[in-house]
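Q: Just so we're aligned: the sequence shown equals residues 6 to 484 in this note's numbering.
Every residue, glycine too, gets a C-beta built ideally from N, C-alpha and C.
Below is one structure. I have some questions about it.
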Amino acid sequence: MRNDCPGCEARESCGLFGAYGVPEACLSIYRGLFSLQHRGQEGAGIVTGDGQRVKSVRGVGLVSDVFSARSWKELKGHLGIGHVRYSTTGSTLIQNVQPIVVECVDGVWAVAHNGNLVNAGELRAMYQESGAIFQTSTDSEVLVHLLADPMFRRRPHRVGRALSELKGSFAFLLMTRNCVMAARDPFGIRPLALGALGQGHVVASETCALRQVGAAYVRDVEPGELLVMDETGLHGSQFAEPAPRAAHCVFELVYFARPDSLVFGENVHKVRLRYGMRLAEEHPVQADIVISVPDSGNSAALGFSRKSGIPLDFGFIRNHYVGRTFIMPLTGQREQGVDMKLSVLHEVVKGQRVVVVDDSIVRGTTSRRRIRFLRQAGAAEVHVRISCPPTAHPCFYGIDFATREELAAGARTVEEIRKFIEADSLGYLSVEGLLSPLQRPNDFCAACFTGKYPLDPSRAQGKKDWETNRPDGELGLNL
Ligand code: SF4
Numbered sequence: 006m007r008n009d010c011p012g013c014e015a016r017e018s019c020g021l022f023g024a025y026g027v028p029e030a031c032l033s034i035y036r037g038l039f040s041l042q043h044r045g046q047e048g049a050g051i052v053t054g055d056g057q058r059v060k061s062v063r064g065v066g067l068v069s070d071v072f073s074a075r076s077w078k079e080l081k082g083h084l085g086i087g088h089v090r091y092s093t094t095g096s097t098l099i100q101n102v103q104p105i106v107v108e109c110v111d112g113v114w115a116v117a118h119n120g121n122l123v124n125a126g127e128l129r130a131m132y133q134e135s136g137a138i139f140q141t142s143t144d145s146e147v148l149v150h151l152l153a154d155p156m157f158r159r160r161p162h163r164v165g166r167a168l169s170e171l172k173g174s175f176a177f178l179l180m181t182r183n184c185v186m187a188a189r190d191p192f193g194i195r196p197l198a199l200g201a202l203g204q205g206h207v208v209a210s211e212t213c214a215l216r217q218v219g220a221a222y223v224r225d226v227e228p229g230e231l232l233v234m235d236e237t238g239l240h241g242s243q244f245a246e247p248a249p250r251a252a253h254c255v256f257e258l259v260y261f262a263r264p265d266s267l268v269f270g271e272n273v274h275k276v277r278l279r280y281g282m283r284l285a286e287e288h289p290v291q292a293d294i295v296i297s298v299p300d301s302g303n304s305a306a307l308g309f310s311r312k313s314g315i316p317l318d319f320g321f322i323r324n325h326y327v328g329r330t331f332i333m334p335l336t337g338q339r340e341q342g343v344d345m346k347l348s349v350l351h352e353v354v355k356g357q358r359v360v361v362v363d364d365s366i367v368r369g370t371t372s373r374r375r376i377r378f379l380r381q382a383g384a385a386e387v388h389v390r391i392s393c394p395p396t397a398h399p400c401f402y403g404i405d406f407a408t409r410e411e412l413a414a415g416a417r418t419v420e421e422i423r424k425f426i427e428a429d430s431l432g433y434l435s436v437e438g439l440l441s442p443l444q445r446p447n448d449f450c451a452a453c454f455t456g457k458y459p460l461d462p463s464r465a466q467g468k469k470d471w472e473t474n475r476p477d478g479e480l481g482l483n484l
């Protein structure tokens, strides 16, 4: 979900959880959203139904802030969908919190979205031109207008036809009074997994949420697939042909997803472990200890330590009650978040040559601050190893990297970044090292590292940036 409010630069990614045929569905959705909290911390919502009535509870803040015992009295029924929202800049408005719920001429629809629609601007303008009024400033709402459009409403396969008008990345959950639907874009950019729970089914952005509610993982929702769950059972069909090559977001594996999730057929922890081992081969260093930037650097640091033989230790202690700095809304808050979130274990790093393994450098200011903390604690040397290639290009598909100008690697060489973050040495994983450990390396998007976008992002916000920086005018996948 992306905020397309004029003048607002917000970019968002989110977590989804849906259930059908599950008694007291709201409780499973609530637990599922808790497990997906890392995907969005600024708003949460649940919509449920019992076949007759549809009720929703939404609010700004963490899942634990939004729902209370009162919510469970409201949210009755055996079907429902939930959403956690992520926004890095701009105001967090209650009307942008999902699921969006609307009353159409043929009944209630609820919609929850993870991703970013690159043609949302033109669809929105088209509907506004014909008199439609939008409730939110998000791109996700265009699907509601497509569903209500008589051109689609009066024809068979209405939902599939509406979905096939969308371009960009999307995992959608939709709900009516008696049905839950799940869909994924033809490139499969964002993850969405199906699970079985008792007599019913659940769908979630990550399998960690399936496990949390006691559901068994069945399979991923396929790229271009629409899954319908209703009283007649579970039905899957293709609303669009899958793209010749999928473009799963590799950054989900590097940073975004939880280590205990299976994403795009890969266990996130094991992939990160391999990245760390590969990093040790590509950028060896003489050092005394390896430390990670917790939590998303943990697995790669373990891999680096195993391969290099340098012992792993705990150099940073994380305060788990501070939100992820990457998704704090404003720069000032982000820096304060770094101070609050990590403290250095002086007794571990003092006098040591330290290798710090981190999952990415986005703007560079956070890394520099951490390195300063380590030096203040007495580290003799600080060598930084990053478990992905330089993030040099913006993402148009739902992950916030700000603009190319703001990216540390947007216009700097690795040596210039090293100087900027004040490290003794800096090594990034190669693109080859990023993709080759994966089972299906050609089925991934790595555009924020390579600049090769799986589909034309020129209609998205950031068009100017794309047009200025795209390599050789080529659109392509991965390498
Ligand atoms: S550009 Fe990067 S963050 Fe965006 S979808 Fe592709 S790999 Fe993921």
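Is there contact between the segment 409 to 421 and the segment 381 to 393, where contact requires at least three CB pairs shorter than 8 Å?
A: Touching, no, given that fewer than three Cβ pairs across the two stretches are closer than 8 Å.
Q: Going along the chain, which residues put their C-beta within less than 5 Å of some heavy atom in ligand 1?
A: Taking each Cβ in turn, the ones that pass are Cys254, Val255, Phe256, Cys400, Tyr402, Ile404, Cys450, Ala452 and Cys453.
Q: Determine whether the beta carbon atoms of Val223 and Leu232 lie at a separation below 8 Å.
A: Not closer than 8 Å, so no.
Q: Pull the bridge partners of Cys254 from the DSSP assignment, please.
A: DSSP lists Cys450 as partners of Cys254.
Q: Could you tell me the distance, in whole angstroms, from the CA atom of Gly26 to the CA atom of Leu67?
A: Taking the straight line from one Cα to the other gives about 26 Å.
Q: Judging by CA-CA distance, which residue of Gly314, Ser304 and Pro299 is the nearest neighbour of His325?
A: It is Pro299 whose Cα lies nearest to the Cα of His325.
Q: In the DSSP output, which residue or residues are listed as bridge partners for Glu230?
A: DSSP output for Glu230 lists Gln243 as bridge partner(s).
Q: When DSSP labels each residue in this structure, what does Tyr280 get in the three-state scheme?
A: Three-state DSSP puts Tyr280 in a helix.
Q: Buried or exposed: which applies to Asp190, given that a residue is buried once 16 or more other Cβ atoms fall within 10 Å of its Cβ?
A: Asp190 is buried by the Cβ-count criterion.
Q: Can you confirm whether the segment 392 to 407 touches the segment 250 to 257 when touching is taken to mean that 3 or more C-beta pairs between the two stretches lie within less than 8 Å?
A: Yes, since at least three Cβ pairs between the segment 250 to 257 and the segment 392 to 407 fall closer than 8 Å, the two stretches touch.
Q: Just verifying my parser: in three-state terms, what is the DSSP assignment at Glu271?
A: Correct three-state label for Glu271: strand.
Q: Assess, as a yes-or-no matter, whether the segment 124 to 135 is touched by the segment 74 to 89 under the definition of 3 or more beta carbon pairs within less than 8 Å.
A: Taking 8 Å as the limit for Cβ pairs, the verdict is that the segment 124 to 135 does not touch the segment 74 to 89.
Q: Are three or more beta carbon pairs between the segment 229 to 243 and the segment 428 to 447 nearer than 8 Å?
A: Counting Cβ pairs under 8 Å, fewer than three are found: no touch.
Q: Can you say whether Ser441 is buried or exposed, counting buried as having 16 or more other CB atoms within 10 angstroms of its CB?
A: Exposed, by the Cβ-count rule.
Q: Could you tell me the distance, in whole angstroms, from the CA atom of Met345 to the CA atom of Arg163?
A: When rounded, the distance between both Cα atoms is 49 Å.
Q: Do you know whose CA, among Gln46, Leu41 and Ile34, lies nearest Gly54's CA?
A: The shortest C-alpha separation from Gly54 is found at Ile34.
Q: Would you call the CB atoms of Ala117 and Leu21 closer than 8 Å?
A: Yes, the Cβ-Cβ distance between Ala117 and Leu21 is below 8 Å.
Q: In whole angstroms, what is the alpha-carbon distance linking Ala24 and Ala220?
A: Distance between the alpha carbons of Ala24 and Ala220 is about 11 Å.
Q: Assuming the contact rule is C-beta atoms closer than 8 Å, Leu278 and Gly320 should be a hit. Round their C-beta distance to whole Å, please.
A: With 8 Å as the limit, Leu278 and Gly320 do not qualify as a contact, their Cβ atoms being about 19 Å apart.
Q: Gln100 to Gly314, Cα distance in whole Å?
A: Distance between the alpha carbons of Gln100 and Gly314: 52 Å.
Q: Among all the DSSP beta bridges, which residues are the ones paired with Gly173?
A: Its beta-bridge partners are Leu122.
Q: From the DSSP output, in three-state form, read off Ser372 for me.
A: Note: Ser372 maps to helix in three-state DSSP.
Q: So, at 6 Å on beta carbons, what are the nonlocal neighbours of Asn303 in its own chain, with the 5 sequence-adjacent residues on each side left out?
A: Excluding sequence neighbours, Asn303 sits near Ser297.
Q: Please tell me whether Arg390 and Leu347 are closer than 8 Å, where the distance is taken between their beta carbons.
A: Cβ distance not < 8 Å, so Arg390 and Leu347 don't count as in contact.
Q: Just the C-alpha distance for Glu29 and Arg358, rounded to the nearest angstrom, thanks.
A: Computed Cα separation, rounded: 54 Å.
Q: State the DSSP-derived secondary structure class of Thr143, mapped to helix, strand or coil.
A: Strand.
Q: Taking all protein chains shown into account, decide if Gly120 is buried (16 or more other Cβ within 10 angstroms of its Cβ) or exposed.
A: Buried, by the Cβ-count rule.
Q: Just checking my contact of Gly50 with Val65 at CB under 8 Å: how many whole Å lie between their CB atoms?
A: The Cβ separation is near 10 Å, so there is no contact.
Q: In terms of residues, what are the limits of the beta strand (DSSP E) holding Asp300?
A: Premise fails: Asp300 is in no beta strand (DSSP E) and is neither H nor E.
Q: Ignore the nearest five residues each way along the sequence and tell me which others in Gln42's own chain have a CB closer than 7 Å to its CB.
A: Excluding sequence neighbours, Gln42 sits near Leu67, Val68 and Val89.
Q: Bridge partners of Leu199, per DSSP?
A: Bridge partners of Leu199: Val208 and Arg224.
Q: What's the gap between the Cα of Val361 and the Cα of Thr396?
A: Their backbone Cα atoms lie some 18 Å apart in a straight line.
Q: How about Arg373 and Phe425: are their beta carbons less than 8 Å apart?
A: Cβ distance < 8 Å, so Arg373 and Phe425 count as in contact.
Q: Can you check DSSP and say which residues form a bridge with Thr396?
A: Partner(s): none; Thr396 has no beta bridge.
Q: Which runs of the beta strand (DSSP E), 3 residues or longer, sit entirely within the segment 42 to 97?
A: The segment 42 to 97 contains these whole beta strand (DSSP E) runs: 48 to 54, 59 to 65 and 84 to 90.
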